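Numbering (this note's numbering), first residue to last: 50 to 536. Below: one structure, written as structure tokens.
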């Protein structure tokens, strides 16, 4: 495989002194120290099966003090550690390297408390191991909204969301995790605690250390707690799915929606016909919401803090505007909450629906919003020239420029031969992204998958500054080695 390709094969040196492993296990207790291969299997490979690492030990600390003790011992003994949340990441940051140094996995799953909720100040303080959906539910119980929404929200954890600076479907209105976090608690590689759990919306006192840890993918320390931003719950919410001829019309419709709705436009998602077909074929309860098939679909969500009537009025105005301007070929407005959830379920199932279709080469890219039609046209032409018959499933957050440009294998193609061209497809797609002043990673991070490519495309001074930061925080090099930056 190309060096940018995921490599599912290899067996790293996982030998660590048994006496040292006993010392790590004693910190968390034998019941939370996993050594059996069957018990460790869920932690050593990511869910797509692209990365298979190995470790002699998985530890599950139950408090911040145990995390401190683990990292103190790791620092003293030079033991590599791999922090892990819900193991839902898509670039291999959360699993051991296939050819790296022996290390232990520190799973944050037991640090799962909602510490406090302040509905007046609109904040929620949580442990890093809190499941995203649990955070959403806790906010809802307090009549508040935590807006981060991902397809993996039932299993991903807040610490992982922060470590990858997760985005999701609500970035258009609320921002990604960097914008949704006010403060952090982090255990440093030395075992010291950075207590930055501030609930202030204004705090202009020097360097913002919080921002160094968000998006660092566990390479600078382990996030153990966070102060999250909450918002008033919308009093009205409407969802529309429209069929369109092409991405150009989708972009024009977005401009009209943005002008008409302003901050009330809380979602604007682009989906191709083939993606809708895949979800209808493989995801229970999903069907094409429109009477006739269309080349492209847009899902738009409009929220109002005032009333259901206000949201409905904006949705109907957009519906009418799109038809009158010749942009919308057909459309449906959700009739109730169940219907809204069904429409979103179709969109959120697009990634999962590709797996039964065979191998899929995935790209998480962003370009300026106005460049999306050009990017799609150029990338489609280049990919189909290289792999005739490839099935392109390009979808995502049109409103913020983030497209998941996924390529499913041609029908009846050899899966492994297709996946072996991952690096070639990276060069093809990412080259166009760079020409359009875009990014090769919009919301999934760098991890193992894009580490070498990052070093090749970023200016030398930028890579040098990142290495200096890494060295300053982690001089022993124990934190998630080989992720984001080379060992």
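We put the beta carbon where it would ideally sit given N, CA and C, even for glycine. All of these numbers come straight from a predicted model, not from anything done at the bench.
Using alpha carbons as the reference points, say which of the options lies closest to residue i.
i           : options               : result
residue 450 : 482, 75 and 158       : 482
residue 529 : 270, 251, 220 and 176 : 270
residue 417 : 300, 257 and 362      : 300
residue 444 : 436, 438, 435 and 456 : 456
residue 320 : 240, 179 and 291      : 291
residue 285 : 432, 431 and 385      : 385
residue 362 : 374, 309 and 196      : 309
Quick check on residue i: buried or exposed, where buried means 16 or more other Cβ atoms within 10 Å of its Cβ?
i           : result
residue 60  : Low local confidence applies: a pLDDT of 40 at residue 60 is under 50, so the model's placement there is unreliable, and no value is given.
residue 210 : buried
residue 140 : buried
residue 511 : exposed
residue 315 : buried
residue 500 : buried
residue 489 : buried
residue 86  : exposed
residue 520 : exposed
residue 514 : exposed
residue 340 : exposed
residue 206 : buried
residue 258 : exposed
residue 251 : exposed
residue 90  : exposed
residue 537 : Nothing in the structure corresponds to residue 537, since the chain is present only between 50 and 536.
residue 212 : buried
residue 352 : buried
residue 253 : exposed
residue 458 : buried
residue 225 : buried
residue 52  : In this predicted model, residue 52 has a pLDDT of only 40, less than 50, meaning its place in the structure is not dependable; the value taken from the coordinates is given anyway. Residue 52 comes out exposed.
residue 415 : buried
Taking 9 Å as the cut-off, decide whether the C-beta atoms of residue i and residue j are in contact.
i           : j           : result
residue 111 : residue 159 : yes
residue 446 : residue 399 : no
residue 138 : residue 479 : no
residue 485 : residue 420 : yes
residue 161 : residue 176 : yes
residue 283 : residue 349 : no
residue 525 : residue 127 : yes
residue 195 : residue 279 : yes
residue 436 : residue 123 : no
residue 266 : residue 518 : no
residue 228 : residue 203 : no
residue 343 : residue 378 : yes
residue 406 : residue 382 : no
residue 197 : residue 184 : yes
residue 440 : residue 323 : yes
Apart from the five residues on each side of it in sequence, which residues of its chain come closer than 6 Å, Cβ to Cβ, to residue i?
i           : result
residue 370 : 305
residue 240 : 117, 120 and 121
residue 412 : 454 and 478
residue 357 : 285
residue 476 : none
Among residues of its own chain, excluding the 5 on either side of residue i, which ones have a beta-carbon nearer than 8 Å to its beta-carbon?
i           : result
residue 332 : 394, 395, 398, 401 and 402
residue 169 : none
residue 92  : 83, 104, 107, 133, 136, 144, 154 and 156
residue 248 : 167, 170, 172, 174, 231, 232 and 276
residue 334 : 391 and 394
residue 142 : 212, 213, 266, 267, 494, 495, 496, 497, 529, 532 and 533
So, for residue i: in the same chain, excluding its five sequence neighbours on each side, which residues have a beta-carbon less than 7 Å away from its beta-carbon?
i           : result
residue 376 : 293, 298, 301 and 302
residue 507 : none
residue 262 : 233, 235, 269, 270 and 272
Could you round the C-beta distance between residue i and residue j to whole angstroms and report it? I think they count as a contact, below 8 Å.
i           : j           : result
residue 193 : residue 281 : 7 Å
residue 215 : residue 199 : 6 Å
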